[in-house]
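Heads up, our numbering is the position in the sequence shown plus 48, with the first residue counted as 1.
Every residue gets a Cβ at the ideal spot worked out from N, C-alpha and C, and that includes glycine.
Beneath this line is the structure, given in structure tokens, with notes to follow.
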Amino acid sequence: MQEQQQVQQTFPVSEKHFALIKEQFELYKNSDLPTLQIEQEPDVILLKGPKTEVLKCYQKLSTLKQGIIENRLSNYAFMNFLVSSDSINHLQKRFKQSLKSPVMIEISGSDLLLLSLSDGALKEAANAIETDLCSETIHLKKSSDFATLAFELSNAVKQANRESVKVELKYQNDSNSDTEVQLVGFTTKVTELMNILLEYKKKHRKHHVCLRLQYPEMAKHFSKILLMAGVKECSVEIKPTCSSSPCVHLTGPRCEVETLESYLQCVVTRHLEVKGPGVQQFFQGDGATTLRSVKSSCQVEILPTDVPENTISSSASSTNHSMDYDNILHIKVVVGLEQQQADVFVVPMVNTNMTSTLIGSSLLNKAGQQLQTNFNTAKGNRTLKSGEVLEVDAPQGLGCSKVLFLECAPQGINHNCENALRCGLGQIFALCERNLWGSVALPIIEPEDVLSIPVRDSVNILTQQISTFLSKSTHFLHTIRIPIMPNYSHSEEMFQIVLGTLHALMVDSTGQGKRLKRDLKLCSLSVAILTSLSKPHIKKYKRIK
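Spelled out as structure tokens, the structure:
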């Protein structure tokens, strides 16, 4: 009679925890405890029935609850976005559709909790969140088109969030002329908006071209040509140069420079020779009225010239062209890193230790303790994985603005070291593209007793990544320097392998330049004078194109 005593007991469990164990619990209850009644209330399950069944049920629930695995993402970067948007429900639906075992998401303060009975499902969910969500920050120079950009971004955000919040956009003014734009949200939508921002940055980054002019008088009277064309005031700096090779330098935002360049390349010039007595007096007297009438009615500019005939013929046969080298990548093999000049220096390291390689130690000796301080600040408490890149501000005294530390696999892990180089170089080129860095020094070649990878293999990886970079439709990087440290025992071998491999990348068996992509011009390869390498006969190599 005591076993049939009816009792009720509460079992503490949250709604999401119970959702994970509900299926297994109901199978057990229906087969072993058919008379037991349960009621789900906020954060508890109410058990009603015979005392023995209630006790068994309580023990089963405790066992199932203990089997829940937790993955805690501490100080999760996208927490504010998840809370303010409907992203948690979106992710929860995705997990339900794609994962074999259920995974639940909970928020605990600033931490994000992933809960599941399956360790495999938990890892899949964490990878999905890492892939699906991202944050991007970009610095922009304000211009007259900035209001148009803001309007376009606003419309793009509305379109992306028309069904649910997928991306958030924030502005932060650094100064009157600069602003910082931050995007947080689902990767696909963030990428769409980043493309708009990068296109704006490309159009408004500082750009320079030099256009040749057919006659020196065009440079001397260039202001008249602009006036004739109705060119209004703009932010392009215009500098005509009168010399044996007259030209005009245009410097300013790319979009404005290209517009002005396009017009100037359409200017048509003709040279007319008027002979006879009294010509000069005519054009200075009665003919001056005729010239003014022609200029006004025909919208032309007439410039007097005393250029000799042979010079005119030579100049007239030349054509205007831009000296824009954006599509040419210069590759230079040089000695040492610390004395180079580039926007970015790249330093390999192992175990997140900046002095773990000779390159890092040499750079620290040059830059002083401030570099170590900047490194520690950027690193924080992190330990980088192989292939990750740490961006560090360069102190004064170095010939760069940034130092990128590339984490490599240590000795004895050859396969991982190769993958780390490929992954890291890809990230470095992407950072150069995004931050509009024009030059980079890449001394990633290290004797194999340090990084456990043969010199030839590391050079092949470098050239493959350069080739991959060149296959893209646009790039801002125009110079890659490959420093070889002079105090390596392998310096001569490294120099020969680097030079031969890069030459093979650009020149085919007939000696002709290869085209890596139809719309790209041939790279140029410069080899510095190497006077400090170990062998005295390696002194000078001619420039190869």
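Under the 10 Å beta carbon count, C314 is surrounded by fewer than 16 other beta carbons and is classified as exposed. C182 has G233 as its beta-bridge partners, per DSSP. Between V229 and Y219, the C-beta gap is smaller than 7 Å, which places the two residues in contact. E386 carries a coil assignment under DSSP once its states are collapsed to helix, strand and coil. For a cut-off of 8 Å, the C-beta gap from V488 to V394 is around 6 Å, short enough to register as a contact. Under the three-pair Cβ rule at 8 Å, the segment 176-190 counts as touching the segment 232-240. In the three-state reduction of the DSSP assignment, D441 falls in the strand class.
Within the same chain, R302 and V305 come within 6 Å of H255 by CB-CB distance, once the 5 residues on both sides are set aside.
When rounded, the separation of the alpha-carbon atoms in P458 and Q475 is 20 Å. H138 sits in a helix when the DSSP states are folded into three classes. Out of E101, G548 and V342, the CA that lies nearest to the CA of V381 is found in G548.
Per DSSP, the beta bridge partners of L217 are L231.
Boundaries around E285 are those of the beta strand (DSSP E), E285 to T289, since no alpha helix (DSSP H) includes it. DSSP, read as helix, strand or coil, puts R302 in helix. Membership of N119 in the beta strand (DSSP E) is indicated by the continuous run I117 to L121.
Counting of Cβ neighbours within 10 angstroms places G278 among the exposed residues, the total staying below 16. Annotation for K450: the continuous beta strand (DSSP E) segment containing it runs K450 to E455. Within the same chain, L130, I153 and I155 come within 8 Å of I136 by CB-CB distance, once the 5 residues on both sides are set aside.
In this structure, L550 lies away from I350, with their beta-carbon atoms at least 7 Å apart.
Shown here, S487 sits in a strand according to DSSP, grouped into three states. Across the structure, V348 and C258 are spaced so that their CA atoms are roughly 23 Å apart. Residue pairing for H187: DSSP places it in a beta bridge opposite E228. Taking a contact to require three or more Cβ pairs closer than 8 Å, the segment 257-273 and the segment 168-178 do not qualify as touching. Within its own chain, the residues whose Cβ lies closer than 6 Å to the Cβ of N221, once the five positions on either side in sequence are excluded, are T227, listed in chain order.
Where D159 is concerned, the enclosing beta strand (DSSP E) starts and stops at D159 to S164.
For P60, the uninterrupted beta strand (DSSP E) run begins and ends at Q54 to P60, by DSSP. Our two residues, P534 and A390, have alpha carbons roughly 19 Å apart in a direct line. If the five residues before and after V284 are omitted, its C-beta is found closer than 8 Å to the C-beta atoms of L298, T299, G300, P301, E304, V305 and L308, all from its own chain and listed in chain order. Beta-bridge annotation (DSSP): E154 is paired with L161. When rounded, the separation of the alpha-carbon atoms in T337 and S344 is 11 Å. Between the alpha carbons of S149 and L165 lies a gap of roughly 7 Å. With 16 or more other CB atoms across the displayed protein chains lying within 10 angstroms of its CB, T527 is buried. Note that the C-beta distance between L377 and I407 is not below 7 Å. In the three-state reduction of the DSSP assignment, P264 falls in the helix class, which pools H, G and I. The DSSP-derived three-state label of I273 is helix. When L411, Y76, E118 and Q544 are compared, the shortest CA-CA separation from L160 is found for E118.
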